[in-house]
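Before any comments, here is the structure.
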Amino acid sequence: MSIALLLEQILNGLQLGVMLFLMAAGLTLIFGVMGLINLAHGSLYMVGAFACATVAAWTGSFWLGLVASLVAAAAAGAIVEMTVIRRLYDRDHLDQVLATFALILIFSEGTRWVFGSLPLYLNIPDLLRGTIPLPGGGRYQIYRIAIIAVGVAVAVGLWLLIARTRLGMRIRAGESDREMIAALGIDIRTLYTVVFAIGAALAGLAGAMVGALQSVQVGMGEPVLILAFVVIVIGGIGSIKGALVGAVLVGLIDTMGRFLLPRAFSVFMDPSEASLIGSAIASMLIYMFMALVLAFRPRGLFATAK
Amino acid sequence: MTMNRETIVNISLALLLLAIPLIALQLNSPFYVTLATRMAILALAAVGLNLALGLGGMVSFGHAAYFGVGGYVAGILAHHAFSGLPLDFGLFQVPGTNMMPIIWVVAILVSGLLALFIGAISIRTSGVYFIMITLAFAQMTYYFANSWPAYGGEDGLSIFVRNQFPGVNTLRPLTYFFICYAILLAALVLFAAIRDSRFGAALQAARQNEVRVATVGINANRIRLAAFVISGMITGLAGALYADLNRFVSPSMLSWHMSGEFIVLIILGGVARLYGPVAGAMLFVMFEFLLGGMTDRWQFFLGLVLLGVVLLARGGLVGWLAGRARHG
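Protein sequences appear in the order of chains A and B.
The first sequence runs 1 to 306 under the numbering used here.
The second sequence runs 1001 to 1328 under the numbering used here.
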């Protein structure tokens, strides 16, 4: 096993982690501020991917597609918030789960209705095509590096937004005491819509970027949604820092597990059997990690006070 | 005992479910027998979940794990009975079987063990954490079944001949319906017995006010864990029956859509109501059948209906027919 291969896998893990962060940040923000569990977050990821693929196919420009994904996901998020989600803030989690489960059915079947069952394809933009050399002799796709860079930029941007701007101040105030912030004359309904739209836009961005690596199809958001749940459970629900740390951990553990476990098992067993058992266990590794974290920190690594 | 409105509703629901296959055979449309069997099995799975979710307030979004594991127990044992090769656990070997009673016991034990493992970790948390963790663990079993090739992996596993029950011919659809229906009734009796027992009282009290339960010296988490395990066992048994109904198991039985459906059944029927799962399963299967016959996009309309039920109609079908639940 060469250093280059190992490095490549670590970068793949980071790229997955960054993508999960974009999903998890929105989920955890929405939970932290509004106390809402949103299963339909994966649908917004799908909306972003479909918007990007469609607009890129019309205009020939990936970049316009990327803008479209942000706009479409944010708009879908805002509309859903104003029509459905808004009525769920005072309900228990069971109602929230059920209503957002219903939204998934509507989104998935609606998308299949409009776009058909065949997957769409999205090409990597010319600017980011090609590879760069890695130390040790390997090469790595520029596009994946760009995804990592976008994720880091979003993390920094979110931090600035929340720590340094007036909107961020309101979001933090909404997190700690929603009655008080409403009493101080802040329009809490609009604030909630804005927070939901921001979360949706991040999910849409993730969907669009991943759309160029995989195919764009109905149901693509669901596996990612569940991974994002694992991320925020590990990181502590409501904590953006937790989402970042959790996302990178989950991305690395999942990728490295799939890469290393079959190899590790082949040391003491037959290679084909090692590959089977290794990959079967690797598929469960992050859940085991989650169980381990919860055994010691039942509210996640960076639990908020609530 | 005077019959209250809910008892009358319950008896009517039980008789209605029993009547569907009998009328279907009179009308010479055996397909409806299978439909009624499906209703009974899904109702059984939801009775299991209702114990955890309705009585215990534990919103498990991962009951597909027990359902699917029960299904795989039936599939794997039948597979080994068919091939004649024993299951090899390294240290010891176990022969396969096609006898339903044995399969049921194994399905109950295995899904109970899984529920014990998942429950022991999940019950330490509550609220959204509990929902997400049960979901995540169920996904773990889903991905495992997908990537483990010995029993078909993502293609699933066929049961070539439906497993047998001593003395009857399970291949006859009506006979198999009666078996499932009898088990459903037994599970409902068990649910009612648990609900009205001291254990059930503690479980419901733990849902309503954990501090008070702790004050009188009851460890709420142990009660919850016991209920969670029984809940998983009932749903696991339903999984074994479902596998035999379809003569097929696949990872889709473990998928989170399945877990979501179980919750939907309970909400449609009425949370914590004895016959809520029965009403919910009958409504859901009928809805799926009728809408599915009209349009391929039936899930879209199911979503709209669900949304309407959550936002507008509370208490489910039993709540609507029998009035609000009586406490005390």
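Ideal Cβ placement from N, Cα and C applies to all residues, glycine included.
Asked	Found
M290 of chain A: contacting residues in chain B (beta-carbon distance under 8 Å)	I1133 and A1136
Start and end residues, alpha helix (DSSP H) containing Y1072 of chain B	A1064 to S1083
Residue-chain proximity (M284 of chain A, chain B), Cβ-Cβ < 8 Å	yes
Best match in A:M82, A:A78, A:F50 and A:T59 for proximity to S69 of chain A [C-alpha to C-alpha]	A:F50
4 or more residues per run - each alpha helix (DSSP H) lying fully within the segment 88–142 of chain A	93–115
Sub-8 Å separation of R294 of chain A and I1121 of chain B beta-carbons	Checking the displayed sequence, the identity of residue 294 of chain A turns out to be Leu instead of Arg. Going by C-beta atoms, L294 of chain A is nearer than 8 Å to I1121 of chain B.
Distance CB(A53 of chain A)-CB(L120 of chain A) smaller than 8 Å	yes
Ranges of the alpha helix (DSSP H) found wholly within the segment 1199–1272 of chain B, counting only runs of at least 4	1210–1215, 1220–1246 and 1256–1269
Buried or exposed by the 16-neighbour rule on C-beta atoms within 10 Å, applied to G257 of chain A	buried
Within-8 Å CB hit, F1144 of chain B to chain A	yes
Euclidean distance between Cα positions of V1213 of chain B and A1202 of chain B	7 Å
Coarse secondary structure for L1157 of chain B, derived from DSSP in three states	strand
Boundaries of the alpha helix (DSSP H) in which V216 of chain A is found, first to last residue	Careful: V216 of chain A lies outside any alpha helix (DSSP H) and carries neither H nor E.
Interface residues of the segment 1160–1188 of chain B facing chain A [CB-CB below 8 Å]	none
Near-chain A residues of the segment 1075–1107 of chain B - C-beta to any C-beta below 9 Å	none
In DSSP terms, what M1099 of chain B is bridged to	B:Q1164
CA-to-CA distance, V224 of chain A to G42 of chain A, given in whole angstroms	7 Å
V1094 of chain B - DSSP class collapsed to helix/strand/coil	strand
Sequence-distant residues of the same chain with beta carbon closer than 7 Å to E222 of chain A, five excluded per side	G42
Where W1148 of chain B meets chain A, residues with beta-carbon distance less than 8 Å	L276 and A280
Per DSSP, the bridge partner or partners of D1088 of chain B	B:Q1093
Contacting residues, own chain, Cβ-Cβ under 6 Å from A1279 of chain B (five flanking each side not counted)	L1013, G1269, L1317 and V1318
Short CB-CB distance (under 8 Å) between R1297 of chain B and chain A	yes
Beta-carbon spacing of V1033 of chain B, L1174 of chain B below 8 Å	yes
Closer than 8 Å to chain A by CB, F1235 of chain B	For clarity, residue 1235 of chain B is Thr in the given sequence; the question names Phe instead. Chain A contact via Cβ: absent.
Contact set between the segment 84–97 of chain A and chain B, restricted to residues whose Cβ is under 7 Å from the partner	V84, R87, H93, L94, D95 and V97
C-alpha gap between G151 of chain A and G17 of chain A, whole angstroms	9 Å
Between the CA atoms of L1116 of chain B and A201 of chain A - distance to the nearest angstrom	39 Å
Environment of H1327 of chain B [buried if 16+ CB atoms lie within 10 Å]	With a pLDDT of 46 at H1327 of chain B, under the threshold of 50, the modelled position of that residue is not reliable, and the figure given next carries that caveat. Under this definition H1327 of chain B is an exposed residue.
Contact under 8 Å by Cβ, F1248 of chain B with G1112 of chain B	no
Exposure label - S117 of chain A; buried when at least 16 CB within 10 Å	exposed
Residue burial classification, E1154 of chain B (beta-carbon count within 10 angstroms, cutoff 16)	exposed
Cβ of G1127 of chain B within 8 Å of any chain A Cβ	yes
Residue-chain proximity (P298 of chain A, chain B), Cβ-Cβ < 8 Å	yes
Min CB distance F101 of chain A to chain B below 8 Å	yes
Inter-residue spacing [alpha-carbon to alpha-carbon] between V248 of chain A and Y1242 of chain B	39 Å
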